[in-house]
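*Asks:*
Residue numbers (the working numbering), protein chains in the order written: chain A, 66 to 511; chain B, 40 to 345.
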């Protein structure tokens, strides 16, 4: 049966060529992080015909089987979960570091200390116009620094909010994309390159979603993935071919609330949860900063009310406003600083009232201590978050490495495959050549 | 065939992450050397940052307190030198009174003495109203106006406050700014309140013919002048003690500033030797890691197959 040799050789050629193609595909995608390497399964082709007890085998060569995709649901899940936890910690860390810079570089603490120093200097000679003026200007600087801190904190908050809004849109799009992939997967035939590509896309979409929200995916038998967002309460984001919309809204104090398809929920993880908790902490920071400014305002104004200015008249309020956003100097003239106690005559050099103001500013409930503990609390929190993010990034990196080890392309492996398949291809060509020579021999019989 | 392989992507990711870590460490060390500061932001070391803040506050206040002490020292010195001049003046007045009390001095001589005494009275008045370098009255207590006023009849009255107020020069230490005029020029003479002005004025008036027995009046005035001298001597002693105190406080401030600076440096400054050693170490590690990466990454089967 010389024709059988042709068929066998041809089937071998076609199988090794298809394997070569797949190897080339693997090599081409070696640096594609979403690609899972493929192998071609093969099966022997034997045709057996039997009449009665006589059976005859006819060898048919090899049958190219299905394209198999390296898959490991467990490692995928590990990589997803660790990436989700890392994204949460990093989002919170970056947001709060922004807030830390805002408060530290705005110089709230320095402003308070400079005001205290100017007041202390004024004690030396409370009637000297230059010293009075410099005390008032130091107060103006302190107020300005409070407003800068307020503005930069609002800026940091605005950045996080804008990011959250943008990412909410991305999540909605990814969910819609996953729903579409689910629809396509239902109709994709098992073992085809198209199906493998769809599964790659599915895993990519799941990873993308997991970075923003903690998710609980359910992989169905047909390869489709249903996604539930972990949180309180858990809500379904993608079910088969339908996806819900994710939206985020911000309260007046800047804190974020999420809803999926109209159902409000609190995310249990992912970058969004990190951003939400950063926004909540920023709201607390804003409250503390306002309290600090209002204590600076009230202490100064109370002292003013208790004393008299250079002209002997009762002191008028030094600061106006109620918080860090609107604190400002309202005293018309530096002569109005009430350095002397009530009842002192005009032009008195008595500094009893000024000393009381300095003591209240330096006291344990004064703004200097308040600003220090606010900064200490914030920087400790940022430092703890940084440590946490570092730890999680090691975990995430090792999970990612594990995933790549399971599903990634090993170039050495592929190079060896290339050599092997090339040899197989050449050997099969040789088989066809032998078959042709056999034919020629037979045809050449005389 | 198993699915566990040594993925090329994983190798590149790992190597890049490790090299990026080294780079970041080098950047950080370089910034520490360039800025001289160990901490870039509070979260690098929250406790040290809090310590630095409290040191910075203490330093700012100590600097102001140092200025206050220096100015206080100047004011006290100005007051002391005025009072010393007043002491010399009163001693001259006493000499004159002794001269006037001696019988050989005739009415003309007494007239001349009275004239000089009148001048001394003027000088005493203007010294009592002396001002500091910045124009504040030295002996008016907490008042900014003149310390003493003179009415049409020539009577001098103290119009300042009885307290002169204290200036904080160190945490918990405040030194009185000076002495009120009432305790420099006014005293109690045999149970009656009197002053250097009153004593000199009375004597001048007596010598100018206001008293039937000028010799007796001059003898009587000696007691008053002695009391005035006692008072000014006491004032000089008090001011001298306070000046010594101020100087001591200034010396302490200088030492405290050094201690604060040392502490700030220990907490917040880069240890250059240590930083450079660490930089060198990281650089070596980075270079080694780069060349190892270059070698290992070229080790694919593709290079071997030709």
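Even glycine gets a Cβ: it sits at the ideal position worked out from N, Cα and C.
Are the CB atoms of residue 270 of chain A and residue 243 of chain A nearer to each other than 8 Å?
*Replies:* Translated into the one-based positions of the first chain, residue 270 of chain A becomes position 205. Translated into the one-based positions of the first chain, residue 243 of chain A becomes position 178. Their beta carbons are under 8 Å apart, which means residue 270 of chain A touches residue 243 of chain A by this criterion.
*Asks:* Between residue 238 of chain B and the rest of its own chain, which residues show a CB-CB distance below 7 Å, the 5 nearest in sequence each way excluded?
*Replies:* Your numbering for residue 238 of chain B matches position 199 in the second chain. Taken in chain order, the residues that qualify are 260, 263, 264 and 267.
*Asks:* Cα-Cα, which of B:160, B:100 and B:141 is closest to residue 244 of chain B?
*Replies:* Walking along the second chain from the start, residue 244 of chain B turns up at place 205. Of B:160, B:100 and B:141, the residue nearest in Cα terms is B:160.
*Asks:* Comparing the C-beta of residue 433 of chain A with each C-beta of chain B, is any distance below 8 Å?
*Replies:* To locate residue 433 of chain A, count along the first chain from 1; it is residue 368. Taking Cβ atoms only, chain B reaches closer than 8 Å to residue 433 of chain A, which makes this a yes.
*Asks:* According to DSSP, residue 82 of chain A sits in a beta bridge with which residue or residues?
*Replies:* One-based indexing of the first chain puts residue 82 of chain A at position 17. According to DSSP, which records beta bridges pairwise, residue 82 of chain A is partnered with nothing at all.
*Asks:* Would you report the Cα separation of residue 35 of chain B and residue 203 of chain B, rounded to the nearest angstrom?
*Replies:* Since the displayed chain B opens at 40 and closes at 345, residue 35 of chain B lies outside it and no answer follows.
*Asks:* Spell out whether any CB of chain B is found under 8 Å from the CB atom of residue 162 of chain A.
*Replies:* For the purposes of this step, residue 162 of chain A is taken as residue 97 along the first chain, with counting starting at 1. So yes, residue 162 of chain A belongs to the interface.
*Asks:* Hey, is residue 340 of chain B's beta-carbon within less than 8 Å of any beta-carbon in chain A?
*Replies:* As a first step, residue 340 of chain B must be located in the second chain, where it is residue number 301. So yes, residue 340 of chain B belongs to the interface.
*Asks:* Please list, in chain order, the residues of the segment 461–474 of chain A that have any C-beta partner in chain B closer than 9 Å.
*Replies:* Considering only beta carbons, the part of the segment 461–474 of chain A lying closer than 9 Å to chain B consists of 462, 465, 466, 467, 468, 469, 470, 471, 472, 473 and 474, in chain order.
*Asks:* Please confirm whether residue 65 of chain B and residue 322 of chain B have their CB atoms less than 8 Å apart.
*Replies:* The count along the second chain starts at 1 and reaches residue 65 of chain B at position 26. The count along the second chain starts at 1 and reaches residue 322 of chain B at position 283. Yes, Cβ-Cβ distance for residue 65 of chain B and residue 322 of chain B is below 8 Å.
*Asks:* Would you call the CB atoms of residue 294 of chain A and residue 319 of chain A closer than 8 Å?
*Replies:* Taking the first chain and counting its residues from 1, the one referred to as residue 294 of chain A is at position 229. Taking the first chain and counting its residues from 1, the one referred to as residue 319 of chain A is at position 254. No.
*Asks:* Within 8 Å (strictly less), CB to CB, does residue 150 of chain A reach chain B?
*Replies:* Looking up residue 150 of chain A in the first chain gives position 85. False, the Cβ-Cβ gap to chain B never drops below 8 Å.
*Asks:* Cα separation between residue 81 of chain B and residue 442 of chain A?
*Replies:* Position 42 of the second chain, counting from 1, holds the residue named residue 81 of chain B. Position 377 of the first chain, counting from 1, holds the residue named residue 442 of chain A. Approximately 10 Å, taken between the alpha carbons.
*Asks:* Since residue 95 of chain A meets chain E, which of its residues come closer than 9 Å, beta carbon to beta carbon?
*Replies:* Absent from the structure is chain E; the protein chains it does hold are A and B.
*Asks:* Could you tell me which residues DSSP puts in a beta bridge with residue 104 of chain A?
*Replies:* Numbered from 1 along the first chain, position 39 holds the residue referred to as residue 104 of chain A. Answer by DSSP bridge pairing, in chain order: A:133.
*Asks:* How many Å lie between residue 122 of chain B and residue 178 of chain A at the Cα?
*Replies:* On the second chain, residue 122 of chain B is found 83 positions in, with the first residue counted as 1. On the first chain, residue 178 of chain A is found 113 positions in, with the first residue counted as 1. Approximately 39 Å, taken between the alpha carbons.
*Asks:* When the Cβ atoms of the segment 296–311 of chain B are set against those of the segment 470–490 of chain A, are three or more pairs found closer than 8 Å?
*Replies:* no
*Asks:* Would you call residue 165 of chain B buried or exposed, if buried means 16 or more other Cβ atoms sit within 10 Å of its Cβ?
*Replies:* The residue labelled residue 165 of chain B in the question sits at position 126 within the second chain. Counting Cβ neighbours within 10 Å, residue 165 of chain B comes out exposed, since fewer than 16 surround it.
*Asks:* Do you know offhand how far residue 529 of chain A's Cα is from residue 70 of chain B's?
*Replies:* Outside the displayed range of chain A (66 to 511) lies residue 529 of chain A, so it cannot be described from this structure.
*Asks:* Quick check on the burial criterion: 16 or more other C-beta atoms within 10 angstroms. Buried or exposed for residue 43 of chain B?
*Replies:* Residue 43 of chain B sits at position 4 when you count from the first residue of the second chain. Per-residue confidence for residue 43 of chain B stands at a pLDDT of 47, beneath the threshold of 50, marking its modelled position as unreliable; the derived number appears in the next sentence. By the neighbour-count rule (16 or more Cβ atoms within 10 Å), residue 43 of chain B is not buried but exposed.
*Asks:* For residue 188 of chain A, which residues in chain B fall below 8 Å Cβ to Cβ?
*Replies:* On the first chain, residue 188 of chain A is found 123 positions in, with the first residue counted as 1. 107, 206 and 207, listed in chain order.
*Asks:* Would a check of beta-carbon distances place residue 321 of chain B closer than 8 Å to chain A?
*Replies:* The residue given as residue 321 of chain B occupies position 282 in the second chain. Judged by the 8 Å Cβ criterion, residue 321 of chain B is not in contact with chain A.
*Asks:* Using beta-carbon positions only, say whether residue 425 of chain A and residue 383 of chain A come within less than 8 Å of one another.
*Replies:* By 1-based counting over the first chain, the position of residue 425 of chain A is 360. By 1-based counting over the first chain, the position of residue 383 of chain A is 318. Not closer than 8 Å, so no.
*Asks:* What are the residues that DSSP puts in a beta bridge with residue 320 of chain A?
*Replies:* Working through the first chain from its first residue, we reach residue 320 of chain A at position 255. Paired residue(s): none; residue 320 of chain A is not in a bridge.
*Asks:* If we call anything under 8 Å between Cβ atoms a contact, is residue 209 of chain B one with residue 198 of chain B?
*Replies:* Position 170 of the second chain, counting from 1, holds the residue named residue 209 of chain B. Position 159 of the second chain, counting from 1, holds the residue named residue 198 of chain B. No, they are not a contact pair.
*Asks:* Counting only Cβ pairs nearer than 7 Å, list the residues of chain B close to residue 181 of chain A.
*Replies:* Start at 1 with the first residue of the first chain, and residue 181 of chain A comes out as number 116. Neighbours of residue 181 of chain A on chain B, chain order: 100.
*Asks:* Quick check on the DSSP output: what are the complete beta strand (DSSP E) runs of length 3 or more inside the segment 231–314 of chain B, in order along the chain?
*Replies:* 231–234
*Asks:* Label residue 40 of chain B either buried or exposed according to how many other C-beta atoms from any shown protein chain fall within 10 Å of its C-beta, with 16 as the threshold for buried.
*Replies:* Sequence index remark: in the second chain, residue 40 of chain B carries index 1 (1-based). Bear in mind that a pLDDT of 36 at residue 40 of chain B, under 50, signals an unreliable position, so the number given afterwards is only what the model happens to contain. Answer is exposed; the Cβ neighbour count stays below 16.
*Asks:* With H, G and I counted as helix, E and B as strand and the rest as coil, what does DSSP make of residue 445 of chain A?
*Replies:* Locating residue 445 of chain A in the first chain gives position 380, counting from the first residue. Helix at residue 445 of chain A.
*Asks:* Please state whether DSSP places residue 128 of chain A in a helix, a strand or coil.
*Replies:* Translated into positions along the first chain, residue 128 of chain A becomes position 63. Reduced to three states, the DSSP call for residue 128 of chain A is strand.
*Asks:* With DSSP run on the structure shown, which of helix, strand or coil describes residue 214 of chain B?
*Replies:* Taking the first residue of the second chain as 1, we reach residue 214 of chain B at position 175. Looking at residue 214 of chain B - three-state DSSP - the assignment turns out to be strand.
*Asks:* What does the Cβ neighbour count give for residue 253 of chain B, buried or exposed, with the cut at 16 atoms within 10 Å?
*Replies:* Indexing the second chain from 1 puts residue 253 of chain B at position 214. Buried, by the Cβ-count rule.
*Asks:* Within the continuous alpha helix (DSSP H) that includes residue 68 of chain B, where are the two ends?
*Replies:* Stepping through the second chain from its first residue, residue 68 of chain B is reached at position 29. Start and end: 47–74.
*Asks:* Kindly indicate which residue of B:220, B:211 and B:193 has the alpha-carbon position closest to the one of residue 201 of chain B.
*Replies:* Numbered from its first residue, the second chain carries residue 201 of chain B at position 162. Measuring from the Cα of residue 201 of chain B, the nearest candidate turns out to be B:220.
*Asks:* Touch check for the segment 353–372 of chain A and the segment 199–215 of chain A: three-plus C-beta pairs under 8 Å?
*Replies:* Counting C-beta pairs with one atom in each stretch, the segment 353–372 of chain A and the segment 199–215 of chain A have three or more that are closer than 8 Å, which means they touch.
*Asks:* Residues of chain B with CB closer than 7 Å to the CB of residue 480 of chain A, please, in chain order.
*Replies:* Position 415 of the first chain holds residue 480 of chain A. Neighbours of residue 480 of chain A on chain B, chain order: 339, 340, 341 and 344.
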